[in-house]
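*Asks:* So the protein lines, in turn, are chains A and B. Residue 3 is where the first sequence starts when you use our numbering, and the numbers rise one by one after that. Residue 57 is where the second sequence starts when you use our numbering, and the numbers rise one by one after that.
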Amino acid sequence: MAAGSSPLVATSKIGKSFRNGTVALANVDLAIAEGAFLSILGPSGCGKSTLLRLIAGLTPPSTGTIEWQGGTPARISFVFQEPTLMPWATVWDNVYLPLRLLGMSTAEAATCIDEALAAVGLDGFAKTYPRELSGGMKMRVSIARALVTDPQLLLLDEPFAALDEITRFRLNEDLLRLWQRHHWTVVFVTHSVFESVFLSDRIVVMSKRPGRITADVPIDLTYPREESLRVAPDYGALCQQLSASLAEASQ
Amino acid sequence: MNERVAKIVAPLTVGLVILAAWEFLVRAAEIPPYILPGPVIIAQTLWTDGPSLMGSLWVTLRITLVALAAAVVLGGLIAVLFAQSRLLELSFFPYAVILQVTPIVSIAPLIIIWVNDTFLSLLICAWIVAFFPVVANTTLGLNSADRNLVALFKLYGASRWQILRFLRMPSALPYFLAGVRISGGLALIGAVVAEFVAGTGGSATGLASRILESGYRLEIPRLFAALLLLSLTGILIFAALSWLSHALLAHWHESALPEEE
């Protein structure tokens, strides 16, 4: 990313209210630099998922605008909190889905799919059905499906919240490795301080009623980050700082 | 005892005990066969009248199967139309309900008067009884697709047709098959009821007309034999549709999973 270049995407005074009168978001200004790993950290119900869905274009904003670099939306992939796989389709067919919708034949898509499966460590599981996989493996399929289209912007909505700690740590490291290799821009929604500090180069903290940004913290830890970072003092200090911000936002 | 063996042996034992008690009661109390025939006489009648009863069974079965096929095809199509437009569903669903809740015996005479062809009139009656579960279940299934998957399809620019074909239809398959299983039994009931209303007249004499006729002539053993054939047919239809459902869902659906050890 060249310094001073325009952000990949920027929201300006964006807001969302629902039909029942709830104001989920109000006046959110957020510019996301190309190649960033941004985490959005906040308590439940602060509108962080809504913000992600607005950026994805899954729901229109009530107020404000979203500006894209070059005027056209980036190629986006989305990873939900649940794996959100089609239970009737094999792992291979699930990963094929985005390419199939783009009109690619199985022959054309085969290389991309096999690469995506290899990237998440699921080489031997192409013919398996989702129900035969563990929670962590299902999430890996979901990530493979997201990266098979070679996205510019990867949006993840609390993707590892339902997983056990060991699986979550391993997926954190795999995600970082993939991010460094593919130079995506990542927006990662989470309510875990430790996870956000471990992953991101920038964290914004949101508070609720109405959802708004209350802190914007750069994370100056060097990449690649490894397991040993989780016990490093500067990591601990940042976690403490973010925990305080989160506690403030939760009041 | 092993669960699988018990599943067959236990109900079979109950059945045999009841049959034995029935036979004993009929003989001990000297009940005449035109009031209540014993199982032995019924079995003998089934053997001697078998060929002619099988001909009647075929008439009823043909109506049932064609009605079921029409219910599956038209019911499925109606459900797809309902899923495409909420307005269409709101407009027409109440009439499907009305058609379903109005007892078929009360509409059957009209249909038989209006439609000259006996086969066709019986078919329409059986179809009216059978189509609703397919429509109701499939509509529910088509609308039950995972919200996040719908969002994902839209994110990748899927067309309405792609969402229907690759997402809504597979999501609806278990619901559709459950509907078909209910419709199978209802198609048989519809065919029998329509035959009852049509009476013994006409050229097509299905099992129901044979039951009526046997009742008039006090040939009660034959009535029982025909009844037995009807029950067996219903069981066979249900078993065949259950097998089909299991075969189609075995790969992925919870309902087709083996029980946990």
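Think of the CB as a built atom: it goes at the ideal place given N, C-alpha and C, for glycine as much as any other residue. Computed from a prediction, not measured in an experiment: that's the story for all the values here.
Under the rule that 16 or more other beta-carbon atoms within 10 Å means buried, what is tyrosine 272/B, buried or exposed?
*Replies:* Exposed is the call here.
*Asks:* Quick check: what's the CA-CA separation for leucine 113/B versus glycine 71/B?
*Replies:* Each residue's alpha carbon lies about 24 Å from the other.
*Asks:* Measure the beta-carbon distance from methionine 88/A to asparagine 96/A and round it to whole angstroms, keeping in mind my assumption that it falls under 8 Å.
*Replies:* Correct: roughly 6 Å between the Cβ atoms.
*Asks:* Here's the rule: buried if 16 or more other CB atoms are within 10 angstroms of the residue's CB, otherwise exposed. What is proline 150/B?
*Replies:* It is exposed - the Cβ of proline 150/B has fewer than 16 other Cβ atoms within 10 Å.
*Asks:* Residues of chain B with a CB under 8 Å from the CB of phenylalanine 80/A: which are they?
*Replies:* Under the 8 Å cutoff, chain B gives Ala207, Leu208 and Leu211.
*Asks:* Note down the Cα distance separating glutamate 36/A from tryptophan 308/B, rounded to an integer number of angstroms.
*Replies:* Spanning the two alpha carbons is a distance of roughly 40 Å.
*Asks:* Where do the N-terminal and C-terminal ends of the beta strand (DSSP E) with lysine 140/A fall, by residue?
*Replies:* No beta strand (DSSP E) contains lysine 140/A, which is instead part of the alpha helix (DSSP H) from 137-149.
*Asks:* Report the residue from Ser46/A, Arg21/A and Ile34/A whose alpha carbon sits nearest the alpha carbon of serine 252/A.
*Replies:* Taking only the C-alpha atoms, the option nearest serine 252/A is Ser46/A.
*Asks:* Name the two residues that bound the continuous alpha helix (DSSP H) containing glutamate 175/A.
*Replies:* It spans 167-184 - the alpha helix (DSSP H) in which glutamate 175/A sits, taken as one unbroken run.
*Asks:* Under the assumption that glycine 241/B contacts alanine 123/B (Cβ atoms under 8 Å), give the Cβ distance between them as a whole number of angstroms.
*Replies:* Actually they do not touch by this definition, with Cβ atoms about 12 Å apart.
*Asks:* Apart from the five residues just before and just after alanine 5/A, which ones in its own chain have a Cβ nearer than 6 Å to its Cβ?
*Replies:* Unreliable placement is indicated for alanine 5/A, whose pLDDT of 47 sits below 50; the coordinate value is still reported in the next sentence. Around alanine 5/A: no qualifying Cβ.
*Asks:* Is the separation between the beta-carbon of glutamate 167/A and that of threonine 192/A shorter than 8 Å?
*Replies:* Cβ distance not < 8 Å, so glutamate 167/A and threonine 192/A don't count as in contact.
*Asks:* Determine, using beta carbons only, whether alanine 58/A comes closer than 8 Å to chain B.
*Replies:* Yes, because at least one Cβ of chain B sits closer than 8 Å to the Cβ of alanine 58/A.
*Asks:* Who are the Cβ neighbours of threonine 120/B in its own chain at under 6 Å, not counting the five residues just before and after it?
*Replies:* Result list for threonine 120/B: Ala243, Leu244 and Ala247, in chain order.
*Asks:* Which of the three DSSP states is assigned to glutamate 251/B in this structure?
*Replies:* In the structure shown, glutamate 251/B sits in a helix (DSSP, three-state: H, G or I).
*Asks:* Leaving aside the five residues before and after arginine 77/A along the sequence, list all residues of the same chain whose C-beta is less than 8 Å from its C-beta, in chain order.
*Replies:* These residues qualify, in order along the chain: Thr151, Asp152, Pro153, Gln154 and Leu155.
*Asks:* List the endpoints of the continuous alpha helix (DSSP H) containing valine 30/A.
*Replies:* Where valine 30/A is concerned, there is no enclosing alpha helix (DSSP H), although the beta strand (DSSP E) it sits in stretches over 25-34.
*Asks:* Within the chosen definition, does the region 57-72 of chain A reach the region 234-244 of chain A through at least 3 CB pairs nearer than 8 Å?
*Replies:* No, the region 57-72 of chain A is not in contact with the region 234-244 of chain A.
*Asks:* Shortest alpha-carbon distance to serine 41/A belongs to which of Gly137/A, Ala91/A and Phe196/A?
*Replies:* When only C-alpha atoms are compared, the closest one is Phe196/A.
*Asks:* Quick check on the burial criterion: 16 or more other C-beta atoms within 10 angstroms. Buried or exposed for isoleucine 64/B?
*Replies:* Burial call: exposed.
*Asks:* Got a sec? Which residues, its chain only, sit under 6 Å from methionine 3/A by beta carbon, not counting five neighbours each side?
*Replies:* No answer about methionine 3/A holds up, because its pLDDT of 42 lies below 50 and its placement is not dependable.
*Asks:* Give me the Cα-Cα distance between tryptophan 170/B and proline 62/A, rounded to the nearest whole angstrom.
*Replies:* In a straight line, the C-alpha of tryptophan 170/B is about 55 Å away from that of proline 62/A.
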